[in-house]
Amino acid sequence: MQQLHTPHVVVVMGVAGTGKTTIGPLLAARLGVPYAEGDDFHPPANIAKMTAGTPLTDEDRWPWLDAIGGWAHGRAGLGGVVSSSALKRSYRDRLRAAAPGVVFVHLTGSRELIEDRMSHRQGHFMPTALLDSQFATLQPLQPDEAGVAVDVAGTPEEITERAVDALKGLPGPVQ
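For the sequence shown, position 148 matches number 140 in this note's numbering, and the numbering has no gaps at all.
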């Protein structure tokens, strides 16, 4: 399998359970760049709220998004992959403000498939009860946003290959 190289910073986005933490590292490996787990940027108070089944507010998310944006800015021109739900346009705008060259890979799938996958996860703080709020909050990528939507049906390797192929179609430096 040929490794691609990209100076893009790719944000793997989507609702909880779409596989950001699985696909992100696989995509980073294929692109030959480092991966950062978006959940690691959450302050402890955010994790406590989510663990308790309480959706985060925008105010809760700003410092988290700023931390991800800072990492992405530091990888500008070098490339990287980071996961972030980035459900709202305003969240993606905040990430782009920090790191103007970021592109998004939106992992998409049916609610039924995602809920089934979430019910089999172990040791993750996001309960399936928050899935409805995630779908209610989701604002898909708009035509003026640099990014691609990738269906999460299939194996992680198949999803990763779809993401790589879709990224090749974007203008810019994926080779």
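Just so it is clear, CB atoms sit at the ideal spot from N, CA and C, and this is done for glycine as well.
Model, not experiment: these values are computed from the prediction.
Listed in chain order, the alpha helix (DSSP H) elements of length 4 or more contained wholly in the segment 103 to 165 are 103 to 111, 123 to 129 and 148 to 160.
Annotation for His65: the continuous alpha helix (DSSP H) segment containing it runs Asp50 to Gly66.
Going by DSSP, Gly9 is part of no beta strand (DSSP E) at all; its letter is neither H nor E. DSSP places Ser75 inside the beta strand (DSSP E), whose first and last residues are Gly72 to Ser75. When DSSP reads this structure, Tyr27 sits in a beta bridge with Val73. Partner residues in a beta bridge of Thr46, as assigned by DSSP, do not exist. Within its own chain, no residue has a Cβ closer than 7 Å to the Cβ of Glu104 once the five positions on either side in sequence are excluded. In this structure Pro163 is exposed. Its beta-carbon is surrounded by fewer than 16 other beta-carbon atoms within 10 angstroms. Under the three-state reduction of DSSP output, Leu79 falls in the coil class, being neither helix nor strand.
Annotation for Phe127: Val7 and Arg103 place their beta carbon closer than 8 Å to its own, counting only its chain and skipping 5 residues before and after.
A contact between stretches requires three or more CB pairs, one per stretch, nearer than 8 Å, and the segment 59 to 73 meets this requirement with the segment 13 to 28. For Glu149 and Arg81, the gap between their C-alpha atoms comes out near 28 Å. By the Cβ neighbour-count rule, Thr152 is buried, with 16 or more other Cβ atoms within 10 Å of its own. Per the coordinates, the alpha-carbon of Ala90 lies some 9 Å from the alpha-carbon of Trp63.
Residue environment: Lys12 is assigned as buried (16 or more neighbouring CB atoms within 10 Å of its CB, all protein chains considered). Inclusion of Val144 and Gly101 in the CB contact set at 7 Å is warranted, their separation being smaller than that value.
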